[in-house]
Amino acid sequence: MKKLLTLFTVLIGCSFINTTPANASIPFFGDSDKTPTLAPMLEEVTPAVVNISVKGKREVRQRMPDALRFFFGPNAPREQVRERPFQGLGSGVIIDAEKGYVVTNNHVIDDATEILVTLKDGREFDAEVIGTDERSDIALIKIKSGENLTAIELGKSSDLRVGDFVVAIGNPFGLGQTVTSGIVSALGRSGLGIEELENFIQTDAAINSGNSGGALVTLDGKLVGINTAILGPNGGNIGIGFAIPSDMMNNLVLQLKEFGEVRRGVLGIRGHDLTHDIAQALNIEASNGAFVAESIAGGAADQAGIKSGDVILSVNGSKIASFSELRALVSSMGQDKAVTLGVVRDGEELEIDVVLGSQDVEVTAESIHPALQGATLAVSNDPAGIEITDIAESSPAARVGLEVGDIIRGVNRNPVTSIADLRTIIEDSSGVIALNLQRGESSLYLVLRNAG
């Protein structure tokens with residue numbers, strides 16, 4: 001047994017040494033002996049990870065019992081909307097000590113009217129929201145009147161490999177700051193239905209309720225992810241946790257700092273994952289990537305020379321595993337940003353520079369309302385509104401009566417001139433949603449039922 005324990009310690013020690021970057025200055029062994037330890041690194045990093053407690057009110061919808069509806073008459077509402085107070089706990093990471101900027105998850109601070117940040121040393125500060133992005137679940141808040149703060153150093157999540165050691169730091173179950181360790185189990189995870197834009201780092205470092213918004217760091221103390229979600233029964237940890245990559249987070253935060261919102265870049269393609277069958281048919285050796293089924297006319301990709309049948313293998317030199325990963329990466333970048341795509345065309349590897357377009361150029365509509373799924377939208381200037389440029393056959397959008405060429409001029413008598421207008425008005429509406437359409441020379445209304 002003693003030999004087994006000794007061998008285990010040596011193997012861990014060797015692993016730590018081999019995975020430590022050559023330029024790392026943080027020792028992983030104590031000064032007085034050869035016991036492996038992450039304590040020196042954590043002493044520098046943990047002051048940058050904070051606990052977040054929030055208070056607020058949320059609308060709660062309750063179906064009115066039939067007996068009450070009968071009592072109040074036929075015009076009584078089918079449901080009651082009430083505001084109920086809530087409290088919540090989560091984690092965050094200080095990324096700018098001078099300005100007091102803290103990154104966390106949007107779901108940690110969503111609907112909060114009071115945000116309290118508690119540092120490792122026990123100091124407490126009020127915080128305000130700078131900007132949020134619900135689609136990627138990132139939020140940027142700012143500590144008010146903060147002094148002597150410690151920020152974490154940003155790492156490059158694109159440099160991660162499966163098997164790299166990582167450490168998760170957060171506030172699970174409100175216990176206070178807690179550190180767990182593990183490895184990178186997978187990269188580019190998507191299709192989980194956790195968020196609209198998914199490109200997760202998967203790790204077996206223990207992540208639990210309350211860890212949301214906390215830090216995932218490398219052994220040299222650099223931030224490579226924001227812990228976001230777990231896969232497990234009843235919210236318990238089973239060794240499958242997910243973090244938003246730091247590269248994606250940083251792209252979003254830069255926009256939140258500048259604009260208070262995310263102004264997404266759009267590539268302007270339709271496609272799907274590169275499959276084994278497609279790779280064989282196109283005589284491509286690659287097994288991962290994004291297959292371009294269509295390069296939308298006039299879009300950013302089309303203008304740069306991306307063609308249908310191309311396979312995109314990398315973005316700015318970093319390999320991608322799927323179309324979902326490409327979509328998440330591009331969506332986290334701002335409009336008008338220049339990116340370099342690694343492309344395979346007819347067996348030839350190319351590098352193509354693309355200047356991303358605006359989200360308002362052309363987008364699919366399933367994220368705006370379920371009844372619009374299958375419709376592709378683009379901004380129309382004459383007349384002003386949102387044009388239906390494409391509709392998938394037998395899709396919900398086709399079934400509700402939308403047609404290619406329709407222009408959405410307004411929603412519930414509110415004019416819309418951008419995709420952002422359309423999304424905001426629909427999200428803020430309850431019950432029936434009436435789209436004011438222009439079809440040729442005619443004006444008509446199309447009524448949708450709000451899923452909420």
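Those letters in the sequence shown? Residues 1 to 452, per UniProt numbering, in order. A virtual CB, placed ideally from N, CA and C, is assigned to each residue, including glycine. Since the structure is predicted, the reported quantities are computational estimates derived from the model, not experimental observations.
Inset, instruction - Give me whichever residues DSSP pairs with R449 in a beta bridge. - result: Here residue 449 corresponds to residue number 449 of the sequence shown, with the count starting at 1. For R449, which the question treats as bridged, DSSP gives the partners V432.
Inset, instruction - Would you kindly work out how many angstroms separate the C-alpha atoms of L231 and D204, rounded to a whole number? - result: By 1-based counting over the sequence shown, the position of residue 231 is 231. By 1-based counting over the sequence shown, the position of residue 204 is 204. About 11 Å.
Inset, instruction - Could you say which of I109, L140, R135 and G213 lies nearest to G100 if we only look at CA atoms? - result: Residue numbering aside, residue 100 sits at position 100 when the sequence shown is read from its first letter. Among I109, L140, R135 and G213, the Cα nearest to that of G100 belongs to L140.
Legend entry - 9 Å Cβ cutoff met for T389 and V404: Position 389 of the sequence shown, counted from the start, is the residue given in the question as residue 389. Position 404 of the sequence shown, counted from the start, is the residue given in the question as residue 404. Yes, they are a contact pair.
Legend entry - Delimiting residues of the alpha helix (DSSP H) encompassing K257: Residue mapping note: residue 257 aligns to position 257 of the sequence shown, counting from 1. Unbroken alpha helix (DSSP H) run through K257: S246 to F259.
Inset, instruction - Could you work out which residue in L356, K319, I312 and A371 is closest to residue 483 when comparing CA atoms only? - result: The structure shown does not extend to residue 483, since the chain spans only 1 to 452, so no value can be given for it.
Legend entry - Given 8 Å, three or more beta-carbon pairs between the stretch 251–261 and the stretch 281–298: no
Inset, instruction - Determine the burial state of F291: buried for a count of at least 16 other Cβ atoms within 10 Å of its Cβ, exposed for fewer. - result: Against the sequence shown, residue 291 aligns to sequence position 291. Counting Cβ neighbours within 10 Å, F291 comes out buried, since at least 16 surround it.
Legend entry - 8 Å contact criterion, which P36 and K120 should meet: CB distance rounded: Locating residue 36 in the sequence shown gives position 36, where the first residue counts as 1. Locating residue 120 in the sequence shown gives position 120, where the first residue counts as 1. Between K120 and P36 the Cβ distance is about 23 Å, and since that is not below 8 Å, they are no contact.
Inset, instruction - Would you check if the distance between the CB atom of V379 and the CB atom of T340 is smaller than 9 Å? - result: On the sequence shown, position 379 is the one that residue 379 refers to. On the sequence shown, position 340 is the one that residue 340 refers to. No, the pair does not count as a contact, with Cβ atoms beyond the cut-off.
Inset, instruction - Would you check if the distance between the CB atom of G357 and the CB atom of G268 is smaller than 9 Å? - result: To locate residue 357, count along the sequence shown from 1; it is residue 357. To locate residue 268, count along the sequence shown from 1; it is residue 268. In contact: G357 and G268 (Cβ atoms closer than 9 Å).
Legend entry - Check: S158 C-beta below 8 Å from any heavy atom of the ligand SAM: Summarising the ligand content, the structure contains no ligands, and the ligand SAM is consequently not present.
Inset, instruction - Report yes if the C-beta distance between residue 487 and F165 is below 9 Å; otherwise report no. - result: Because the chain here runs from 1 to 452, residue 487 falls outside it and cannot be looked at.
Inset, instruction - Specify the secondary structure class of H369 as computed by DSSP and reduced to three states. - result: Along the sequence shown, one-based indexing puts residue 369 at 369. The answer is coil: DSSP assigns H369 none of H, G, I, E or B.
Inset, instruction - Go to F323, then tell me how far its alpha helix (DSSP H) extends in each direction, as first and last residue. - result: Position 323 of the sequence shown, counting from 1, holds the residue named residue 323. Looking at the DSSP string, the run of the alpha helix (DSSP H) that includes F323 is F323 to S332.
Inset, instruction - Kindly indicate which three-state DSSP category V108 falls into: helix, strand or coil? - result: For this step, residue 108 is matched to residue 108 along the sequence shown. Helix, per DSSP.
Legend entry - When I368, L216 and G174 are compared against V184, the one with the closest alpha-carbon: Position 184 of the sequence shown, counted from the start, is the residue given in the question as residue 184. Among I368, L216 and G174, the Cα nearest to that of V184 is on L216.
Legend entry - Classification of D126 by the beta-carbon crowding that lies within 10 angstroms, buried from 16 upward: The sequence position of residue 126 within the sequence shown is 126, counting from 1. So D126 ends up on the exposed side.
Inset, instruction - Measure the beta-carbon distance from G90 to I152 and round it to whole angstroms, keeping in mind my assumption that it falls under 8 Å. - result: Working through the sequence shown from its first residue, we reach residue 90 at position 90. Working through the sequence shown from its first residue, we reach residue 152 at position 152. With a Cβ gap of about 17 Å, G90 and I152 do not count as contacting.
Inset, instruction - Give me the Cβ distance between G265 and V179, rounded to the nearest whole Å; I'm assuming they're in contact under 8 Å. - result: As a working note, residue 265 is residue 265 in the sequence shown. As a working note, residue 179 is residue 179 in the sequence shown. About 36 Å separates the two Cβ atoms, so there is no contact after all.
Legend entry - C-alpha distance - E347 paired with V355, whole-angstrom precision: Here residue 347 refers to the residue found at position 347 of the sequence shown. Here residue 355 refers to the residue found at position 355 of the sequence shown. Here residue 347 turns out to be Gly, not Glu, going by the sequence shown. Near 24 Å, if we compare the C-alpha coordinates of V355 and G347.
Legend entry - Opening and closing residue of the beta strand (DSSP E) in which Q202 lies: Within the sequence shown, numbered from 1, the residue matching residue 202 stands at position 202. Here the beta strand (DSSP E) through Q202 covers F200 to T203.
Legend entry - CB-CB length for V103 against V253, believed under 8 Å: Counting from one through the sequence shown, the residue named residue 103 turns up at place 103. Counting from one through the sequence shown, the residue named residue 253 turns up at place 253. About 6 Å separates the two Cβ atoms, so the contact holds.
Inset, instruction - Determine the DSSP secondary structure at R270, reduced to helix, strand or coil. - result: Taking the sequence shown and counting its residues from 1, one reaches residue 270 at position 270. R270 falls in the strand class under three-state DSSP.
Legend entry - Local conformation of residue 465 per DSSP, three classes: In the structure as shown, the chain begins at 1 and stops at 452. Residue 465 is therefore absent and cannot be evaluated.
Inset, instruction - Within the same chain, show all residues whose beta-carbon is closer than 6 Å to that of R439, passing over the 5 residues directly before and after it, in chain order. - result: For the purposes of this step, residue 439 is taken as residue 439 along the sequence shown, with counting starting at 1. Within the same chain, R439 has close Cβ partners D406.
Legend entry - Backbone CA spacing between G239 and L160 [nearest angstrom]: Here residue 239 refers to the residue found at position 239 of the sequence shown. Here residue 160 refers to the residue found at position 160 of the sequence shown. Spanning the two alpha carbons is a distance of roughly 19 Å.
Inset, instruction - Could you tell me which of T218, T275 and R263 sits nearest to L38, measuring between CA atoms? - result: By one-based count along the sequence shown, residue 38 stands at place 38. The residue with the shortest Cα to Cα distance from L38 is T218.
Inset, instruction - Whole angstroms is fine: what's the gap from A293's alpha carbon to R84's? - result: Counting from 1 along the sequence shown, the entry for residue 293 is found at position 293. Counting from 1 along the sequence shown, the entry for residue 84 is found at position 84. Cα-Cα distance, rounded: 47 Å.
Legend entry - Distance, E128 Cα to K144 Cα: As a working note, residue 144 is residue 144 in the sequence shown. As a working note, residue 128 is residue 128 in the sequence shown. Rounded to whole angstroms, K144 to E128 spans 7 Å at the Cα level.
Legend entry - Other residues of its chain near P415: CB distance less than 7 Å, five sequence neighbours each side excluded: Locating residue 415 in the sequence shown gives position 415, where the first residue counts as 1. Here the set comprises R409.
Inset, instruction - Please name the residue in S157, I201, S212 and G191 whose C-alpha comes closest to that of I169. - result: Taking the sequence shown and counting its residues from 1, one reaches residue 169 at position 169. Here the closest residue by C-alpha is S212.
Legend entry - E43 in three-state terms, based on DSSP: Residue numbering aside, residue 43 sits at position 43 when the sequence shown is read from its first letter. Helix at E43.
Legend entry - Identified DSSP bridge partners for I407: Working through the sequence shown from its first residue, we reach residue 407 at position 407. Partner(s): E387 and Q438.
Legend entry - Residue burial classification, Q87 (beta-carbon count within 10 angstroms, cutoff 16): Taking the sequence shown and counting its residues from 1, the one referred to as residue 87 is at position 87. Exposed.
Legend entry - Proximal residues to R397 (C-beta, below 8 Å), its chain only, five neighbours per side dropped: The residue given as residue 397 occupies position 397 in the sequence shown. A small correction: the amino acid at residue 397 is Ala; Arg does not occupy that position in the sequence shown. Around A397: A365, A371, L372, Q373, G374, A375, I388 and I391.
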